[in-house]
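What follows is a set of notes on a single structure, which appears directly below.
2 protein chains.
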Amino acid sequence: MGLLSVLSLAHKWTSERVQTGDTVIDATAGNGVDTLFLCELAGPKGQVYAFDIQERALHNTRMRLERAQQEGKRLAPVELLLQSHDQMAQAVPEQQHGRVAAVLFNLGYLPDPNADPSLITRPQTTIAALESALALLRPGGLLSIVLYPGHDGGEEEAASVDNWARLLDPQAAQVAEYRMLQKPHAPYLIAIEKRKTNQTKEE
Amino acid sequence: MGLLSVLSLAHKWTSERVQTGDTVIDATAGNGVDTLFLCELAGPKGQVYAFDIQERALHNTRMRLERAQQEGKRLAPVELLLQSHDQMAQAVPEQQHGRVAAVLFNLGYLPDPNADPSLITRPQTTIAALESALALLRPGGLLSIVLYPGHDGGEEEAASVDNWARLLDPQAAQVAEYRMLQKPHAPYLIAIEKRKTNQTKEE
């Protein structure tokens, strides 16, 4: 069967925690693979928010969602937001704060030949966005982060996310890491589950 | 639901690869938790080999298996072997070489108040045993290693296993690591799946 790839495990753990009707967030729409995945999980009664700072990414995502709908897939309504994911708390309605089932981050650059390769996610906004995402999650909700240490600036970003996750209060969230050991530059997964019992943070 | 613990994930991945009737190995019998788990997975038509260098460990394991049988559990026959796991290739019959479905290693010391705390697994025999285990596995079989960096000598052992696993030929095996990031001294898992397509090693 093969060991699960990093992306497959991120999807598997997310799908175990999302029900139809849930609100979920794709923090990095990119080409829309994760957005489509979340739209299918949340279903027509759910709600998806997808962020990207590149018009091309939102265009690619929109195309992918339309194709899926034409193929008869029943998707959640989605808001495609051309803004940085560190603004997500402002974009998600207040009554959904603390009720989001899952947030996906797929960091790095947009894998599109027409994209600007200098546009990559940066540690400072990434950490701010991760903090927002954790606050938006419901207890038991999952924050899933796929890191790409292989590109320029990727290692630095991975190190700062790693460091941030490592220091999260264990009473507030539980953090696991999954990686393919023979490929130190390959993407790897940090999964963060918000605790159910304690609510240590003001939100 | 909580993120899976390291031990639960080791059992989950093992159970996904073992069928009733299979031959499986517990390289570190300890108190018999993994031996019992493997005996249930392999069932009465399977075969389990369990190794430990401490008589007390095999005694504890025997007690646990007997209790389970008295409770009506249907277990695989098991050979409890008082010898170092680096001798496993000699202990397992030759016709089973290359046909073993799974091997579990749970490294460190025996968690028993009457055990000798100076008896811990050591890098040199551990690596030799891991090499044997990989050779004994069938294609698609799983080698699961739980490492304990928290005790004296544990960090050194974990580092050498990590280093060994990291350098395995990707054509021969695939290696994943799973750990809880907030607990650097907690046990963590290295899972190694033998490749199905290539047989690069003479066995």
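Protein chains in written order, with this note's numbering: chain A, 1 to 203; chain B, 204 to 406. Ideal placement from N, C-alpha and C gives every residue a C-beta, glycine not left out. From a predicted model like this one, the values you see are computed outputs, not experimental measurements.
The beta carbon of G205 (chain B) sits closer than 8 Å to some beta carbon of chain A. Comparing C-alpha distances from R369 (chain B) to each of B:S287, B:Q293, B:T217, B:E396 shows the shortest one belongs to B:E396. Within the DSSP bridge table, the entry for Q250 (chain B) names B:T226 as partners. In this structure the stretch 338-354 of chain B does not touch the stretch 128-142 of chain A; the number of beta carbon pairs closer than 8 Å is below three. One finds D365, A368, R369, V378, A379, E380, I393 in chain B with Cβ atoms closer than 8 Å to the Cβ of L181 (chain A), taken in chain order. Using a Cβ-Cβ distance cut-off of 8 Å, the stretch 68-79 of chain A and the stretch 111-126 of chain A are not in contact, since fewer than three pairs of beta carbons, one from each stretch, lie closer than that value. V18 (chain A) places its beta carbon less than 8 Å from that of A101 (chain A).
With 16 or more other Cβ atoms from the protein chains shown falling within 10 Å of its own Cβ, N106 (chain A) counts as buried.
Per the C-alpha coordinates, the member of A:D52, A:G21, A:T28, A:Q54 positioned closest to C39 (chain A) is A:G21.
The C-beta distance from T231 (chain B) to T328 (chain B) rounds to 11 Å, too long to meet the 8 Å contact threshold. For P113 (chain A), there is no enclosing beta strand (DSSP E), as DSSP marks it with neither H nor E.
Not one beta carbon of chain B lies nearer than 8 Å to the beta carbon of P139 (chain A). Chain-ordered listing is empty here: chain A has no CB closer than 8 Å to the CB of P390 (chain B), the nearest sitting near 13 Å. Contact check for E359 (chain B) against P326 (chain B) passes: the beta carbons are separated by less than 8 Å. Counting the other Cβ atoms within 10 Å of the Cβ of A362 (chain B) gives fewer than 16, which makes it exposed. Ranked by how close their Cα comes to the Cα of E297 (chain B), the residues B:D355, B:T226, B:D365 have B:T226 in first place.
In its chain, beyond the 5 residues on either side, V349 have a beta carbon closer than 7 Å to the beta carbon of L210 (chain B). Following the DSSP letters along the chain, one finds N60 (chain A) inside the alpha helix (DSSP H) bounded by residues 55-70.
Under the criterion of beta carbons closer than 8 Å, L207 (chain B) and Y252 (chain B) do not qualify as touching, at roughly 27 Å. In this structure, DSSP gives L278 (chain B) a state outside helix and strand, which the three-state scheme calls coil. Per DSSP, P296 (chain B) lies in no beta strand (DSSP E) segment and is marked neither H nor E.
Closest in alpha carbon position to L384 (chain B), among A:A172, A:A186, A:L168, A:L142, is A:L168.
Beta-bridge annotation (DSSP): M180 (chain A) is paired with B:A379. Nearest CB-CB separation between P77 (chain A) and chain B: not below the 8 Å threshold. Here the alpha carbon of V378 (chain B) sits roughly 13 Å from the alpha carbon of Y188 (chain A). Under a 10 Å Cβ-count criterion, S118 (chain A) is classified as exposed, with fewer than 16 other Cβ atoms of the shown protein chains found around its own Cβ. Interface criterion met: the Cβ of P373 (chain B) is under 8 Å from a Cβ in chain A.
In the DSSP assignment, A191 (chain A) forms a beta bridge with A:S144, A:A176.
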